[in-house]
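Report on one structure; see the data block that follows.
What follows is the structure in structure tokens.
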């Protein structure tokens with residue numbers, strides 16, 4: 001999956017909480033919609049496998065009192081999807097795993113939540 005970012009000055013973060021229960025450890029989900037961003041699926045060779053889909057939502061999942069542990073992105077039409085795990089050293093994003101790509105929108109949301117993504121941005125540029 002590839003994605004593009006349109007810079008935004010004000011980020012509307014919608015936060016929801018799932019309480020701890022017998023079958024769930026409980027988590028917080030932070031969601032942001034990027035209407036001008038989009039995505040398509042690209043083969044590792046660089047060949048596009050799908051058409052461009054505009055409108056992208058980023059969900060960041062966080063366990064109680066811990067750094068975010070997972071991310072998910074999906075387009076408005078639900079045709080494109082990507083997800084993965086996040087690794088932090090304190091408040092600094094140090095690692096990720098998922099669809100061989102970490103969308104800049106994910107790092108934008110993490111920045112807005114108070115996490116440091118600068119070294120990850122530099123390593124991906």
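In this note's numbering, the protein residues as written are 1 to 125. Where is the CB? At the ideal position from N, CA and C, for every residue including glycine.
Please report how far the alpha carbon of residue 110 lies from the alpha carbon of residue 67, in whole angstroms.
-> 10 Å
Check whether the region 43-54 touches the region 82-92, counting contact only when three or more Cβ pairs, one atom from each stretch, lie closer than 8 Å.
-> no
Which value, in whole angstroms, describes the spacing of the CA atoms of residue 42 and residue 100?
-> 11 Å
Reference residue 95; option with closest CA among 31, 27, 29 and 120 = 120
Between the Cα of residue 12 and those of 122, 70 and 58, spot the shortest distance and give me the residue it belongs to.
-> 58
Less than 8 Å between the CB atoms is what I'm expecting for residue 61 and residue 115, so what's the real figure, rounded?
-> Their Cβ separation, rounded to whole angstroms, is 13 Å, which puts residue 61 and residue 115 out of contact at 8 Å.
Among residues of its own chain, excluding the 5 on either side of residue 124, which ones have a beta-carbon nearer than 7 Å to its beta-carbon?
-> 102
Smallest Cα separation from residue 32: which of 20, 72 and 25?
-> 72
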